[in-house]
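Engineer: Please find one structure pasted underneath; my questions will follow.
Protein chains: 2
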Amino acid sequence: MPRVYLAGPEVFLPDALAVGARKAVLCTAHGLEGVFPLDAGLDLSGLAKPEQALRISAANEGLMRSCDAVIANLTPFRGVSMDAGTAFEVGFMRALGRPVLGYTNVTADYRARSEAYRRSVPQAALLDADRPEAEIEDFEGAENLMIEVAIVASGGLVVRTAVPAGQEMRDLAGFEACLAQAAEILRPG
Amino acid sequence: MPRVYLAGPEVFLPDALAVGARKAVLCTAHGLEGVFPLDAGLDLSGLAKPEQALRISAANEGLMRSCDAVIANLTPFRGVSMDAGTAFEVGFMRALGRPVLGYTNVTADYRARSEAYRRSVPQAALLDADRPEAEIEDFEGAENLMIEVAIVASGGLVVRTAVPAGQEMRDLAGFEACLAQAAEILRPG
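Listed below in structure tokens is the structure:
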């Protein structure tokens, strides 16, 4: 059964394991094996923080290399864009030539979200690249073009779904649409 | 001369080419060839937006594959974290086994920045993973651990530099420190 790495910031939710388990069940229904970052089941007790981080990173990089594709949760996380760790993982799998797919539960374009962010932050608090003179990329995408194009070039399409407030990291309709794409792309010859 | 891909959101500055040129000069001084994403010099006139995005992505992926290392600007961009496109590129080079180095011109930990973000956004506007019950990773890093550890595992160290307000994307002291790391790591034999 093809293995799919389940990238996304839902690992930070208090019910992360439950969300991962729900994703895994949906994977199975599509003939895929879901691999959630927390699956490594590391015992980090007693380790210093840098060592903990090193073990988690090594485990996740190993899990990625063992997978045939990635489905990434691109929903904005603590700002305009997706989680940086998830973006790292999308690039990682892209470089390995594995299909990358993605969904977001916020429907607005990257451009519209960036403009809203600029309006929401006091001018004096804006870093220089956040100021009005800096360009906001405008390719009608949901995310930075490196991510958007990696998905399209994989044979997928970024799935955008409007969900009820507070369900942005838990609604799995977009994830299921990605699973259908992954199953199609990974189907044997 | 080893080639170093210069990843960062300064490509969106109005003076992007000048910043890239300054970085390239510093690279040469360290015996390295700087490769700025805008170096591809693409002619995108007359192309539809999705096609433009595709060409830029293909050019950048090609430039990355032609490079021996990446130095990434990790300075926060439109939110708590670094630019998502840059995070993608760090992951991309990491998967290829090329050294990844990085600097940020905001010195606060990822944890402190996330906490400040939560306080700054009206509760009702917080997406679910931004709410207080979601975990904020706490490994004393400047960024998500996948990025921080990739740099440490490359033999580098994330460089944090306090810079004057409004110079976050232009101050190159941290970049120079990364160049010294890159020159050391890439030095033959």
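Same order as they appear, the protein sequences are chains Y and A.
Per the working numbering, the very first residue in the first sequence carries number 1; after that it's consecutive.
Per the working numbering, the very first residue in the second sequence carries number 190; after that it's consecutive.
Even glycine gets a Cβ: it sits at the ideal position worked out from N, Cα and C.
Helix, strand or coil: which one does DSSP assign to isoleucine 136 of chain Y?
Structural biologist: coil
Engineer: Rounded to whole angstroms, what's the CA-CA distance from leucine 6 of chain Y to alanine 218 of chain A? Just pull it up for me.
Structural biologist: Note on geometry: alpha-carbon atoms of leucine 6 of chain Y and alanine 218 of chain A lie some 43 Å from one another.
Engineer: Residues of chain B with CB closer than 7 Å to the CB of glycine 166 of chain Y, please, in chain order.
Structural biologist: Given the protein chain composition of this structure (Y and A), no chain B is represented.
Engineer: I'd like the span of the beta strand (DSSP E) that includes glycine 102 of chain Y, first residue to last.
Structural biologist: 100 to 104
Engineer: Just the chain A side, please: which residues come within less than 8 Å of alanine 150 of chain Y by C-beta, in chain order?
Structural biologist: Ser246, Phe277
Engineer: I'd like the ranges of any beta strand (DSSP E) spanning at least 3 consecutive residues and lying wholly in the segment 144 to 180 of chain Y.
Structural biologist: With a minimum length of 3 residues, no continuous beta strand (DSSP E) run stays inside the segment 144 to 180 of chain Y.
Engineer: So that I know if they touch, is there some Cβ in chain Y lying closer than 8 Å to that of aspartate 272 of chain A?
Structural biologist: At least one chain Y Cβ lies under 8 Å of aspartate 272 of chain A.
Engineer: Closer than 9 Å between beta carbons: that is the criterion. Which residues of the segment 281 to 292 of chain A meet it against chain Y?
Structural biologist: Phe281, Met282, Arg283, Ala284, Leu285
Engineer: Spatial neighbours of leucine 13 of chain Y within its chain, please: C-beta separation below 7 Å, excluding the five flanking residues on both sides.
Structural biologist: Val19, Met169
Engineer: Need the endpoints of the beta strand (DSSP E) that glycine 223 of chain A sits in, please.
Structural biologist: Glycine 223 of chain A: member of the beta strand (DSSP E) spanning 222 to 224, first to last residue.
Engineer: Listing by chain order, which chain Y residues have their CB less than 8 Å from the CB of glutamine 241 of chain A?
Structural biologist: For glutamine 241 of chain A, the C-beta contacts it makes with chain Y under 8 Å involve Phe139, in order along the chain.
Engineer: So is proline 377 of chain A in contact with chain Y if we call contact Cβ pairs under 8 Å?
Structural biologist: no
Engineer: Counting only the same chain and skipping the five closest in sequence on each side, list residues whose C-beta sits under 8 Å from that of leucine 96 of chain Y.
Structural biologist: Met64, Arg65
Engineer: Just how far apart, CA to CA, sit alanine 314 of chain A and glutamate 373 of chain A?
Structural biologist: 46 Å
Engineer: Taking buried to mean at least 16 other C-beta atoms within 10 Å of its own C-beta, is alanine 16 of chain Y buried or exposed?
Structural biologist: Residue burial is scored here from C-beta neighbours: alanine 16 of chain Y has at least 16 other C-beta atoms within 10 angstroms and is therefore classed as buried.
Engineer: What are the start and end residues of the alpha helix (DSSP H) that includes leucine 126 of chain Y?
Structural biologist: Taken as a continuous stretch (DSSP letters only), leucine 126 of chain Y belongs to no alpha helix (DSSP H), as it is neither H nor E.
Engineer: Give a yes or no on whether the minimum CB-CB distance between glycine 268 of chain A and chain Y is below 8 Å.
Structural biologist: yes
Engineer: Sort out for me which residues DSSP pairs isoleucine 56 of chain Y with in a bridge.
Structural biologist: According to DSSP, which records beta bridges pairwise, isoleucine 56 of chain Y is partnered with nothing at all.
Engineer: State yes or no: is the beta carbon of tyrosine 194 of chain A nearer than 8 Å to at least one beta carbon in chain Y?
Structural biologist: no
Engineer: Counting only C-beta atoms, is isoleucine 336 of chain A closer than 8 Å to chain Y at any point?
Structural biologist: yes
Engineer: Once you ignore the five residues that flank glutamate 10 of chain Y on each side, which residues in its own chain have a CB closer than 7 Å to its CB?
Structural biologist: Same-chain partners within the cutoff: Ala16, Val19, Asn73, Met169.
Engineer: Residue range of the alpha helix (DSSP H) that leucine 26 of chain Y falls in?
Structural biologist: 16 to 29
Engineer: Counting beta carbon pairs with one atom in the segment 33 to 50 of chain Y and one in the segment 229 to 242 of chain A, are three or more of them shorter than 8 Å?
Structural biologist: no
Engineer: Which same chain residues, not among the five before or five after proline 76 of chain Y, have their C-beta less than 7 Å away from its C-beta?
Structural biologist: Met82, Val106, Arg113
Engineer: Here's the rule I'm using: 16 or more other beta-carbon atoms within 10 Å means buried, otherwise exposed. How should serine 343 of chain A be labelled?
Structural biologist: buried
Engineer: Would you mind reading off the limits of the beta strand (DSSP E) that contains valine 4 of chain Y?
Structural biologist: Counting along the chain, valine 4 of chain Y sits inside the beta strand (DSSP E) bounded by residues 3 to 7.
Engineer: Just to make sure I have the definition right: I need the residues of chain Y whose C-beta is within less than 8 Å of the C-beta of serine 303 of chain A. Which are they?
Structural biologist: Arg78
Engineer: Check whether the Cβ of proline 14 of chain Y lies closer than 8 Å to any Cβ atom in chain A.
Structural biologist: Yes, contact with chain A.
Engineer: Consult DSSP for valine 90 of chain Y and reduce its assignment to one of helix, strand or coil.
Structural biologist: helix
Engineer: Going along chain A, which residues have a C-beta under 7 Å from arginine 170 of chain Y?
Structural biologist: Asp317
Engineer: Should serine 246 of chain A go down as buried or exposed, given a rule of 16 or more other Cβ atoms within 10 Å for buried?
Structural biologist: The residue is buried, with at least 16 neighbouring Cβ atoms inside 10 Å.
Engineer: Only counting the same chain, and skipping five residues up and downstream in sequence, which positions put a Cβ closer than 6 Å to that of arginine 111 of chain Y?
Structural biologist: Once the five neighbours on either side are set aside, the close Cβ partners of arginine 111 of chain Y are Ile136, Asp138.
Engineer: Below 8 Å on the Cβ atoms is my guess for glycine 330 of chain A versus threonine 350 of chain A; work out the distance and round it to an integer in Å.
Structural biologist: With a Cβ gap of about 16 Å, glycine 330 of chain A and threonine 350 of chain A do not count as contacting.
Engineer: Would you verify that the beta carbon of threonine 161 of chain Y is, or is not, closer than 8 Å to some beta carbon of chain A?
Structural biologist: Interface criterion not met: the Cβ of threonine 161 of chain Y is under 8 Å from no Cβ in chain A.
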